[in-house]
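Quick note: the sequence shown uses our numbering, first residue 2, plus one each step.
Accompanying notes for the structure given below.
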Amino acid sequence: MNVAGLVYDKLTSDEEEIMLEAERRGFQLRYLFVKNPVSEYLSDPKLIDLHAVFNRCESKGRALEACKIIEDKGIPVVNPFKVEYLCADKIETLKLWFDNGVDTPRWMYRSFTNREGFLESETEHIADEIERLGYPLVIKPTMGSWGRGVMKIEDRSRLIEALRNAHPSSINPDGFFAQEYIEKPGFDLRILVGLKPSSGIKVLCGIARISPSPEEFRTNTHLGGIPLGLKLDGDTKLAKEAERVGRILLDGCRWGVVALDAMPDAKGIDYSIVYRYVAECSSLFQPIRLIVEENRQRRYRLWKRSLEEAFSRYKSSEAYKRMERVVHEILESCRIRWHEANSRFDYAINTRNASGFNPAVFYLDIAEDLAR
Numbered sequence: 002m003n004v005a006g007l008v009y010d011k012l013t014s015d016e017e018e019i020m021l022e023a024e025r026r027g028f029q030l031r032y033l034f035v036k037n038p039v040s041e042y043l044s045d046p047k048l049i050d051l052h053a054v055f056n057r058c059e060s061k062g063r064a065l066e067a068c069k070i071i072e073d074k075g076i077p078v079v080n081p082f083k084v085e086y087l088c089a090d091k092i093e094t095l096k097l098w099f100d101n102g103v104d105t106p107r108w109m110y111r112s113f114t115n116r117e118g119f120l121e122s123e124t125e126h127i128a129d130e131i132e133r134l135g136y137p138l139v140i141k142p143t144m145g146s147w148g149r150g151v152m153k154i155e156d157r158s159r160l161i162e163a164l165r166n167a168h169p170s171s172i173n174p175d176g177f178f179a180q181e182y183i184e185k186p187g188f189d190l191r192i193l194v195g196l197k198p199s200s201g202i203k204v205l206c207g208i209a210r211i212s213p214s215p216e217e218f219r220t221n222t223h224l225g226g227i228p229l230g231l232k233l234d235g236d237t238k239l240a241k242e243a244e245r246v247g248r249i250l251l252d253g254c255r256w257g258v259v260a261l262d263a264m265p266d267a268k269g270i271d272y273s274i275v276y277r278y279v280a281e282c283s284s285l286f287q288p289i290r291l292i293v294e295e296n297r298q299r300r301y302r303l304w305k306r307s308l309e310e311a312f313s314r315y316k317s318s319e320a321y322k323r324m325e326r327v328v329h330e331i332l333e334s335c336r337i338r339w340h341e342a343n344s345r346f347d348y349a350i351n352t353r354n355a356s357g358f359n360p361a362v363f364y365l366d367i368a369e370d371l372a373r
């Protein structure tokens, strides 16, 4: 029998989608819960006879350590360590893309001087360097996710304050990262690309994440953003670009699946129409939020059907279809700026339902290829 491992430190609906797909195919899963120290939870007997391991640790540190331990035993991991390492650090991802001609936002990074952050005497000089990006600018942790620690900085006084308050942490261990502010047209993009041993890299699916108001520049769905499925035909400019960006990240690997985050640059474009429609779409999306909130303590498989039915109603509404047309029309005029990649991305709630593609299927496709 085909056997794959599922490494996790928190069981979410995303991992349960993998479980459901494995059950559907008759593919046996071995559950490998880990916490610190990771090595104590991944002993040799637990890893015996595994054809592949899905690394779904939420903690980037645990994900890296688990991947290294398992790969050192000769077991294929989804994703490979190289990919896990790049996705864990925004700076390394941006360096790789920039060196390969990918269109990224301008950025600056300054390593912390000591265990407390920066010396008071340094802050003015560091601010001088960062100001070359222009205002507003964005600061963010190098290893963060879900919008945690992301701030829009409007002027020098706020920048100085941020530098004085910056210190090493689990999501920002080494330094201060500032990025050019990109004027988005009310939404950004998340596009999944995948590679399996039996075929080349391809774009799997994608969503636009629309912010609830002009005042909120972050688009994360847990901060009020709403998802909208993208039409990513293989011949479109966006799909071709996503495939190229993903290929750079997965270069040298035979398998992998990652989420690429990009910002449409709307400078000079009138996108006010997005915010004329977003309130109605947000209202229609509210029943989906309620289903998720009310079922947080229940097994995902028990309310998955209700979620899918709610998404079907949301996507069949005239407001959704109108927004869909608007988003795709705006994208035709935008320059796309790629800025981040995610190895352990969430997908079961929004990406799967908005796009119509289930990444768990691709995870199991990779495992079946590796088991042959």
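Note that the Cβ used here is the ideal one computed from N, Cα and C, for glycine as well.
Fair warning: this is a prediction, and the values are worked out from it, not measured in the lab.
Would you mind reading off the limits of the beta strand (DSSP E) that contains residue i?
{"i": "CYS335", "result": "Segment: none, CYS335 is in no beta strand (DSSP E) and carries neither H nor E."}
{"i": "ASN221", "result": "It is not in any beta strand (DSSP E) - ASN221 carries neither H nor E in the DSSP assignment."}
{"i": "TYR362", "result": "The identity of residue 362 in the sequence shown is Val, whereas the question assumes Tyr. Run containing VAL362: none in the beta strand (DSSP E); it sits in the alpha helix (DSSP H), 360-372."}
{"i": "SER199", "result": "Run containing SER199: none; DSSP gives neither H nor E here."}
{"i": "LEU48", "result": "Where LEU48 is concerned, there is no enclosing beta strand (DSSP E), although the alpha helix (DSSP H) it sits in stretches over 45-48."}
{"i": "ALA5", "result": "4-9"}
Which residues in the same chain have their Cβ closer than 7 Å to the Cβ of residue i, if we skip the five residues on either side of it in sequence?
{"i": "ARG248", "result": "ILE202"}
{"i": "GLU16", "result": "LEU7, TYR9, ARG57"}
{"i": "TYR182", "result": "PRO137, LEU138, VAL139, LYS153"}
{"i": "PHE358", "result": "LEU205, CYS206"}
{"i": "TYR348", "result": "ASP15, PRO360"}
Of all the options the options, which has the alpha carbon lying nearest to the alpha carbon of residue i?
{"i": "LYS185", "options": "ARG210, ASP45, ARG326, PHE177", "result": "ARG210"}
{"i": "ARG116", "options": "SER170, ILE71, LYS91, LEU65", "result": "SER170"}
{"i": "LEU224", "options": "TYR272, SER283, LEU134", "result": "SER283"}
{"i": "VAL78", "options": "GLU59, ILE337, VAL54", "result": "VAL54"}
{"i": "PRO158", "options": "PRO174, SER14, THR124", "result": "Inspection of the sequence shows that residue 158 is occupied by Ser rather than by Pro. Cα-wise, what sits closest to SER158 is THR124."}
{"i": "ILE92", "options": "ASP73, ILE71, GLY176", "result": "GLY176"}
{"i": "ARG314", "options": "LEU43, TRP108, PHE286, VAL362", "result": "PHE286"}
{"i": "THR105", "options": "VAL246, VAL151, ALA349", "result": "VAL246"}
{"i": "ASP234", "options": "ILE227, PRO228, ALA243", "result": "ALA243"}
{"i": "THR13", "options": "PHE34, TYR301, SER307", "result": "TYR301"}
{"i": "ARG191", "options": "GLY150, PHE119, GLU41, ALA240", "result": "ALA240"}
{"i": "GLY150", "options": "HIS126, ALA179, ARG133", "result": "ALA179"}
Considering residue i, what are the terminal residues of the alpha helix (DSSP H) in which it resides?
{"i": "TRP256", "result": "It is not in any alpha helix (DSSP H) - TRP256 carries neither H nor E in the DSSP assignment."}
{"i": "MET20", "result": "14-26"}
{"i": "PHE99", "result": "91-100"}
{"i": "ILE292", "result": "273-295"}
{"i": "SER313", "result": "301-317"}
{"i": "ILE70", "result": "61-73"}
{"i": "ARG157", "result": "157-166"}
{"i": "ARG116", "result": "Taken as a continuous stretch (DSSP letters only), ARG116 belongs to no alpha helix (DSSP H), as it is neither H nor E."}
{"i": "ILE131", "result": "124-131"}
{"i": "ARG111", "result": "Careful: ARG111 lies outside any alpha helix (DSSP H), inside the beta strand (DSSP E) at 108-112."}
Below 7 Å, is the gap between the Cβ of residue i and the nearest heavy atom of the ligand NAD?
{"i": "VAL54", "result": "Ligands are entirely absent from the displayed structure, and the ligand NAD is therefore not among its contents."}
For residue i, collect the residues of the same chain with a Cβ closer than 6 Å to its Cβ; drop the 5 residues on either side in sequence, then sort them by chain order.
{"i": "ASN80", "result": "GLY257, SER344"}
{"i": "LEU160", "result": "ALA128, ILE154"}
Rounded C-beta distance between residue i and residue j? I'm assuming under 8 Å.
{"i": "VAL328", "j": "GLU22", "result": "The pair is not a contact, with the Cβ atoms about 29 Å apart (cut-off 8 Å)."}
{"i": "ASN173", "j": "PRO213", "result": "Incorrect: roughly 26 Å between the Cβ atoms, too far for contact."}
{"i": "GLU66", "j": "VAL39", "result": "4 Å"}
Among residues of its own chain, excluding the 5 on either side of residue i, which ones have a beta-carbon nearer than 8 Å to its beta-carbon?
{"i": "PRO198", "result": "ARG255, TRP256, ILE367, ASP370, LEU371"}
Review point. Is the segment 286-301 touching the segment 264-273, taking contact as three or more C-beta pairs under 8 Å?
Key: Too few Cβ pairs lie closer than 8 Å, so no.
Discussion item. Contact between the segment 44-51 and the segment 96-113 is defined here as three or more beta-carbon pairs at a separation below 8 Å; is this criterion met?
Written reply: The segment 44-51, when compared against the segment 96-113, does not touch it at the 8 Å Cβ threshold.
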